[in-house]
Every structure is written in structure tokens, then in C-alpha cells.
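>
Numbering (our numbering), first residue to last: 5 to 276.
1) Measure the Cβ-Cβ separation of residue 202 and residue 178 and say whether it is below 7 Å.
2) I need the DSSP call for residue 43, collapsed to helix, strand or coil.
3) On the premise that residue 29 lies in contact with residue 135, defined as a C-beta separation below 8 Å, what is that separation, rounded to the nearest angstrom?
4) Taking all protein chains shown into account, do 16 or more other C-beta atoms lie within 10 angstroms of the C-beta of residue 219, making it buried, or fewer, making it exposed?
5) Within a Cβ cutoff of 6 Å, which residues of the same chain sit near residue 25, ignoring the five residues on either side of it in sequence?
6) Can you give me the Cβ contacts of residue 119 inside the same chain, cut-off strictly under 7 Å, excluding the 5 residues immediately before and after it?
7) Please work out which residues of its chain come closer than 7 Å, Cβ to Cβ, to residue 73, disregarding the five sequence neighbours upstream and downstream, and give them in chain order.
8) Which residue wins for smallest C-alpha separation from residue 206, given the options 192, 191, 190, 223?
9) Apply the 10 Å Cβ neighbour rule to residue 43 and answer buried if 16 or more other Cβ atoms are within range, or exposed otherwise.
10) Looking at residue 90 and residue 124, is the spacing between their C-beta atoms short of 7 Å?
11) Could you pull out every residue in the same chain whose Cβ sits closer than 7 Å to the Cβ of residue 60, ignoring the five residues on either side in sequence?
12) Quick check for students: name the residue ranges of the beta strand (DSSP E) that lie wholly in the segment 73-108, counting only runs of 3 or more.
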């Protein structure tokens, strides 16, 4: 707990933390709250008159419980790289200004230093979860005034899936930063791997192995929900929900632990 408080103190005293997180939170809130006004499709693309009557995602039930949690966590997932880049920046600065070495000289163990950085990853993930939860709660109250407690809880497993997705990305970023020690290189590698290397590798090796590459399970936690908005059951107002796939949830946490352990091994073997 002492390391957690120490790391939080270091983060909150850094102006770049507030600028970066402010931008991150603002982007998520604006997209989530404004997405309901986006056009669902042109009238020419609608299959029936019921679809034509619903011109926006909001009218199609984007903010209706219990689908709300699935919908907004999917959108929020696009911004998970922002806190990851912030973490990379802060850790790289520790190397650049040799504060890591000074902390060890002052008596902090290497394990203690590393755990403090894991706490940073946890702090970013908790903040992300908190923003999504309270934003979703406000929207849910506005669009579902008569909803029961069960409707609020149903589908809320996507909140944990979102937390898992962000935590994986944070620990992956942590691992790469200790591996390369430079923010620019780490950011380039994480983007190249996530958007280029792994998709190409997955295409080459095919199913089912491609779903178990390091970043693949986290991609599968929250699948795009928009197809469901076009389906008849959504238009008719039914409340069936998809669920978070347990196997991908467990696999994501397994990779999170592997990268966390790998980062510590790298840190111990490197010179201060």
C-alpha cells in the first residue's frame, strides 16, 4: 500500500499526467455520449420501414440496458493506447533522469521499484474503469429511467472485460519500456505489433492458433456490437445479451502475468 501511495503521489504531481489523462477522459466521454447521434445507415440501406424510422444509433437502442455496457466499453477500448503511452513516457523518464538508480541507492529494492510501476498500470486501469462506469451510469439513468437493478447488472461483466483489456495493454507497455528503455521505440513497437505484426502472423497461421497470440485474446473480449443493432431481435426490443468469453478472459490475464514477470526478469538482469 505504501508503494501504491508513493506512485500515486508521483503521478498526480506531474502536469503531463493531468494533461494526458484529461485528454483521454474527454475523448472517451465525448465519443460515448455523442455516438448515439451518429447515423445508423442511410435510408437506402435499410431493409424495412422499421429500420428507416431509426436514423441514429441512439434510436436503435445503443444506450438501452443491458446492451449499454457492451456498447460503451467497445468504444472506450479504442482509447486504451493513451494511458499506455503515458506509462511509457513516465517510465522512460525514470531512465533518462536516472531516478530509478537513485531510488535503488536510497534503499528501494528492484522488486519494490518494479511493483510500484505495476501499481502505476493499475492506477491507470482503475481510472479508466471508473470513467466508463460513471459515464455509463449517467447515460443509463437518462435513457432507462424505469430500469430495474437486474437490468443494470446484466451485461456489466463487460466492465471487467474492459478493465482486463486496459490492464493487459498497460502491462504490455510496461514490459516493452523495460525492454527498450526509450519511449519512442516502445511506442512504435507496440503499435506495429498490435496493428501490423500480429494481424499478419494471425492470418498466416490461421484458426484457432491465431486467437492465442499475445494480444489476440484481449481483442476478443469485447467484440463489435453494431451488427446486433441491425438484427430483428434488437429492433423488437428484446434484451438478450452476449457474454464475455471466459477462455479469452483467462488467457488475457495469463499473458498479463507473463509480461509482468518478463518485465521483472529484464529489470533484474539489466545494469542500473
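The beta-carbon is built from N, C-alpha and C at its ideal position, and this holds for glycine as well. It should be emphasised that the depicted structure is a prediction, and the values quoted were computed from it without experimental measurement.
The relevant details are as follows:
1) Translated into positions along the chain shown, residue 202 becomes position 198. Translated into positions along the chain shown, residue 178 becomes position 174. No, Cβ-Cβ distance for residue 202 and residue 178 is not below 7 Å.
2) Taking the chain shown and counting its residues from 1, one reaches residue 43 at position 39. Three-state result, residue 43: strand.
3) Locating residue 135 in the chain shown gives position 131, counting from the first residue. Locating residue 29 in the chain shown gives position 25, counting from the first residue. Residue 135 to residue 29, Cβ: 5 Å. Contact.
4) The sequence position of residue 219 within the chain shown is 215, counting from 1. Buried, by the Cβ-count rule.
5) Numbered from 1 along the chain shown, position 21 holds the residue referred to as residue 25. For residue 25, where only same-chain residues beyond five positions count, there are no Cβ hits under 6 Å.
6) Counted from its first residue, the chain shown places residue 119 at position 115. Correct list, in chain order: 7.
7) Position 69 of the chain shown holds residue 73. So the list reads 140, 159, 160, 162, 163, once near-sequence residues are dropped.
8) Within the chain shown, residue 206 is the residue found at index 202, counting from 1. Residue 223 is the option with its Cα nearest to residue 206.
9) By one-based count along the chain shown, residue 43 stands at place 39. Exposed, by the Cβ-count rule.
10) To locate residue 124, count along the chain shown from 1; it is residue 120. To locate residue 90, count along the chain shown from 1; it is residue 86. Their beta carbons are not under 7 Å apart, which means residue 124 does not touch residue 90 by this criterion.
11) By 1-based counting over the chain shown, the position of residue 60 is 56. Correct list, in chain order: 40, 41, 42, 43, 44.
12) none
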